[in-house]
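S.K.:
There are 2 protein chains.
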Amino acid sequence: MERAIQVAIENVRSGRGGPFGALVVRNNELVATGVNLVTGTNDPTAHAEIVAIRAACEKLGTFQLSDCEIYTSCEPCPMCLGAIYWARPKQFYYSCTRQAAALAGFDDAFIYNELCLAPGQRSIPGHCLSPELGGKPFEEWAKTANKVPY
Amino acid sequence: MERAIQVAIENVRSGRGGPFGALVVRNNELVATGVNLVTGTNDPTAHAEIVAIRAACEKLGTFQLSDCEIYTSCEPCPMCLGAIYWARPKQFYYSCTRQAAALAGFDDAFIYNELCLAPGQRSIPGHCLSPELGGKPFEEWAKTANKVPY
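Line by line, the protein sequences are chains U and R.
Count along the first sequence from 1, add 1278, and you get the number used in our numbering.
Count along the second sequence from 1, add 1278, and you get the number used in our numbering.
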C-alpha cells in the first residue's frame, strides 16, 4: 500500500494526472502499476486501477486476474469497482475513502449516489430507446457456438 | 440506435468480443464507434462504451465529451456508467436493460447490486488499509498550483 501511495504522490509531481496509484499483485509479486493519466492522455477512463488492470492483463495474456489482488491508494470509484468485478481478482485493498476523495474535489461519492437512481432521474440522464431491438445482439450471441464467454 | 445495435451484431459475428456496441455523437454527427473487445484484446475494461469514449476523446483531443451524446445497445454496466460520468456527455440512450443482459449471462445487474454493499461484504471484498497514509496524495494535489482538474 505504501508503494501505491508513493506512485500516486509521484504522479501529481509529474503533472501526468490525478493523485491516485494502484498495483496488481500475484503471489506477493508485483505484476503491474497504474497511475491516473486522465488529463495527460485525454482519456477519462485512465484511472489508476483501470490502467493497472489493463497493463496486468496485457502482461499476463488474459482478461481475468483471478489469482491476483489489487492495491489502490483510494477506494475505487464505481467505474473502477466495475472494472475490478469484470477482471475478477480475489480481493482488493484501499487506503483513503470515497469521502476523502470528495473532500479533495473528486466525484467518486457523487457517482456512487447517482448509480442508485433510475436512469431518467440522474444528472446525466439515460433514456431507453427501441428496447425491442436491443435483444437482437443477444440472440446472435446465443446462437454462436464458438464464442468466448467472459 | 439501430447503428449501435448493428455494430453489436457484427461484433459477435466477427468473434472479437461480446454482443455490445456504442456510438459517440456530436451535433447529430458520428464522432466514434465502439464494440466490446474484452476477449479479443485481453482487456476486461474494453466494453463498447469505454472503447467509444476513449476513441472519441482521442479524436477530439479532450478528456471531456460535454457537447456529446452516447448511444449504446444495452444499458451501461456500472463501469461504463462511471466512465460516462467522468466523460460528462449531455445524456445517453440505451436499448435493452441490465435485466436483459443478465438473462443473456452477463454480470451487469449483479454488479449494480454489489456496489450498494459495504466494501467488506461484497463477493470481491475490499479492505481498508492504512487510511492515515491515503490522504498524502491529496495533500500533494492541494499544494500543486499548476494542476489540471478533471
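Even glycine gets a Cβ: it sits at the ideal position worked out from N, Cα and C.
1. With distance defined between alpha-carbon atoms, name the residue in 1403/R, 1319/R, 1342/R, 1299/R nearest to residue 1330/R.
2. From residue 1388/R to residue 1380/R, what distance separates their C-alpha atoms?
3. Identify the continuous beta strand (DSSP E) that holds residue 1351/R and give its terminal residues.
4. Taking Cβ-Cβ distances shorter than 8 Å, what residues in chain U pair up with residue 1311/R?
5. Ordered along the chain, which non-local residues of its own chain (more than five positions away) have a Cβ less than 6 Å from that of residue 1340/R?
6. Start and end of the alpha helix (DSSP H) containing residue 1292/U?
7. On a Cα-Cα basis, can you pick out the residue from 1362/U, 1301/U, 1328/U that is closest to residue 1440/U?
8. Could you give the DSSP three-state label for residue 1428/U: helix, strand or coil?
9. Kindly indicate the opening and closing residues of the beta strand (DSSP E) around residue 1369/U.
10. Measure from the C-beta of residue 1418/U to each C-beta in chain R and report whether the shortest distance is under 7 Å.
11. With a threshold of 8 Å on Cβ separation, who are the neighbours of residue 1362/U within its own chain once the five nearest residues in sequence on each side are excluded?
12. Straight-line CA distance for residue 1428/R to residue 1385/U?
13. When DSSP labels each residue in this structure, what does residue 1311/R get in the three-state scheme?
14. Roughly how many whole angstroms lie between the Cα atoms of residue 1376/U and residue 1366/U?
15. Considering only their Cβ atoms, is the gap separating residue 1374/U from residue 1360/R smaller than 7 Å?
16. Note down, in chain order, each residue of its chain lying with its Cβ closer than 8 Å to the Cβ of residue 1397/R, except the 5 sequence neighbours on either side.
17. Considering only DSSP beta bridges, list what residue 1300/U is partnered with.
18. What separation, rounded to the nearest whole angstrom, lies between the Cα atoms of residue 1357/R and residue 1314/U?
19. Using alpha carbons as the reference points, say which of 1318/U, 1419/U, 1322/U lies closest to residue 1294/U.
20. What is the C-beta distance between residue 1290/U and residue 1350/R, in whole angstroms, given that I count them as a contact (C-beta under 8 Å)?
21. The alpha helix (DSSP H) that contains residue 1358/U, what's its start and end?
22. Using a Cβ cut-off of 7 Å (strictly closer), state whether residue 1421/R contacts chain U.
23. Would you identify the three-state DSSP class for residue 1406/R, choosing helix, strand or coil?
24. Work out the CA separation of residue 1372/U and residue 1352/U for me, nearest whole Å.
25. Who are the neighbours of residue 1290/U on chain R, taking C-beta pairs under 8 Å?
26. Helix, strand or coil: how does DSSP classify residue 1383/R here?
M.R.: So, from the listed chains and residues:
1. Nearest C-alpha to residue 1330/R: 1299/R.
2. 8 Å
3. 1346-1352
4. Going along chain U, no residue has its Cβ under 8 Å from residue 1311/R, so there is no contact; the nearest lies around 14 Å.
5. none
6. 1280-1292
7. Because chain U in this structure spans residues 1279 to 1428, residue 1440/U falls outside the shown range and cannot be described.
8. coil
9. 1369-1374
10. yes
11. Excluding positions up to five away in sequence, the list reads 1327, 1331, 1348, 1354, 1370.
12. 9 Å
13. strand
14. 21 Å
15. In terms of Cβ geometry, residue 1360/R and residue 1374/U do not form a close pair [threshold 7 Å].
16. Excluding residues within five positions, the ones whose Cβ falls inside 8 Å are 1403, 1404, 1405, 1406.
17. According to DSSP, residue 1300/U bridges with 1312/U, 1350/U.
18. 16 Å
19. Per the Cα distances, 1318/U.
20. Going by Cβ atoms, the distance from residue 1290/U to residue 1350/R rounds to 33 Å, so no, they are not a contact pair.
21. 1356-1365
22. no
23. Note: residue 1406/R maps to strand in three-state DSSP.
24. 5 Å
25. 1415, 1418, 1419, 1422, 1425
26. coil
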